[in-house]
Amino acid sequence: MIMTMQNATSERLKIKAFLVSKGFSHRLISSIKKSGMLRIDGQKKTTADFIESGDILNLRLPKEKSDPNVPFSFEPLTVVFEDANWLVIDKPAGLPSVPGPSNRDDTVVNRVKGHLKNQGSQDLVPHVITRLDRFTSGVMLIAKNRLAASVLSPQIEQHTIQKKYRAFVSGRLTEKQGLIDKPIAKTADGIHREISEDGQQAQTRFQVIHQYENFAEVEAELLTGRTHQIRVHFTILGHPLLGDKLYGGSARYGHHSPGSAC
-12 MIMTMQNATS ERLKIKAFLV SKGFSHRLIS SIKKSGMLRI DGQKKTTADF IESGDILNLR
48 LPKEKSDPNV PFSFEPLTVV FEDANWLVID KPAGLPSVPG PSNRDDTVVN RVKGHLKNQG
108 SQDLVPHVIT RLDRFTSGVM LIAKNRLAAS VLSPQIEQHT IQKKYRAFVS GRLTEKQGLI
168 DKPIAKTADG IHREISEDGQ QAQTRFQVIH QYENFAEVEA ELLTGRTHQI RVHFTILGHP
228 LLGDKLYGGS ARYGHHSPGS AC
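Numbering (this note's numbering), first residue to last: -12 to 249.
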């Protein structure tokens, strides 16, 4: 894995500070110290050395080898966008994002590993940037190598990646838009989530797209990224997602089809 970066500033910088300015995590910089190679004009450098204004830094990292505990899956994968560093896929409902106790052989991660292997890639560790619940469909962003994942990490930490979802919720919402600001915590069973003052901050902004007789289509924007956040937040409002048995959502749609808004 090779990356080339230029110091476009007018300053002389320590290479470590330069890498931090490019979004590299401290963990990745530590990995570069141990097993990477840095060169400027063909000369080997360390992260303690300096990079002059206008200099070009060449960075090489060993390939990420396949984890034998995460099998390859060659089941279909719907690719929306792909380049040398990024993969955007359309995840179908029912497919887990990452391996877990109930499924370690066929998840998005397993399928992406198979996809990378078919391409002849030697980096075989997918880095999931945005994951979705098993029964949620939609696009997922995956970094094809650790350098790409590290460059995006500041945006993830600062919540500058915008995440919007469409959902059908039960009942009639009295407010057409609003902000749900309720902390979420894990329950004793380890599966459910609940509203708790001891939980992590969780914020969901929403607006009603269509109000039907007994349910509504809403757009939900995650300002934080907690497990089951949309599901838990609409449940506490008294409007669980349709078909969400885990949180009491009804499978009945009422007498109006989604094409007939009220």
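Yeah, the Cβ is synthetic: ideal placement off N, Cα and C, and Gly gets one too. None of the values given here were measured: they were computed from a predicted structure.
Segment limits, alpha helix (DSSP H) that includes residue i
| i | result |
| --- | --- |
| F221 | Q216 to I223 |
| A(-5) | Looking at the DSSP string, A(-5) is not in any alpha helix (DSSP H), and its letter there is neither H nor E. |
| V126 | Element bounds for V126: not the alpha helix (DSSP H) but the beta strand (DSSP E), G125 to A130. |
| I2 | I2 to S8 |
| H146 | No alpha helix (DSSP H) holds H146; DSSP gives it neither H nor E. |
| R99 | The residue you asked about is not Arg; residue 99 is Val in the sequence shown. V99 -> alpha helix (DSSP H) spans V95 to N105. |
Start and end residues, beta strand (DSSP E) containing residue i
| i | result |
| --- | --- |
| I27 | M24 to I27 |
| L209 | F202 to L209 |
| H197 | Q190 to Q198 |
Short Cβ contact (7 Å threshold) for residue i with residue j
| i | j | result |
| --- | --- | --- |
| I223 | I182 | yes |
| N97 | P63 | no |
| V126 | V205 | no |
| V67 | D77 | yes |
| L233 | A203 | no |
| P83 | R121 | yes |
Exposed unless 16 or more other CB atoms sit within 10 angstroms - verdict on residue i
| i | result |
| --- | --- |
| A136 | buried |
| I38 | buried |
| D92 | exposed |
| H252 | The structure shown has nothing for residue 252, since the chain only spans -12 to 249. |
| A80 | exposed |
| F193 | buried |
| G41 | exposed |
| T123 | buried |
| K4 | Residue identity check: residue 4 is Ala in the sequence provided, not Lys. Classification of A4: exposed, given that the 10 Å Cβ count is below 16. |
| P227 | buried |
| K52 | exposed |
| D110 | buried |
| A154 | buried |
| A207 | buried |
| A189 | buried |
| A130 | buried |
| T94 | buried |
Residue nearest to residue i in terms of C-alpha spacing, selected from the options
| i | options | result |
| --- | --- | --- |
| R118 | V138, Y152 and L103 | Y152 |
| T33 | R47, R218 and P227 | R47 |
| L15 | N132, P55, G29 and V99 | N132 |
| S8 | V112, K20 and Q(-7) | Q(-7) |
| K31 | S40, G41 and I19 | I19 |
| P113 | G101, A207 and R121 | G101 |
| T214 | G29, Q187, K3 and T161 | Q187 |
| Q216 | Y199, I196, L229 and T191 | T191 |
| E162 | V195, A(-5) and M24 | V195 |
| L209 | L166, P49 and K173 | L166 |
| F11 | S108, S60 and L139 | L139 |
C-beta neighbour in chain B for residue i, strict 7 Å
| i | result |
| --- | --- |
| V112 | Judged by its chain identifiers, the structure shown contains no chain B, having just a single protein chain. |
Whole-Å CB distance - residue i paired with residue j, under 8 Å assumed
| i | j | result |
| --- | --- | --- |
| L128 | I116 | 4 Å |
| L134 | M24 | In fact, because the Cβ distance is near 13 Å, the residues do not count as touching under 8 Å. |
| S22 | P49 | 5 Å |
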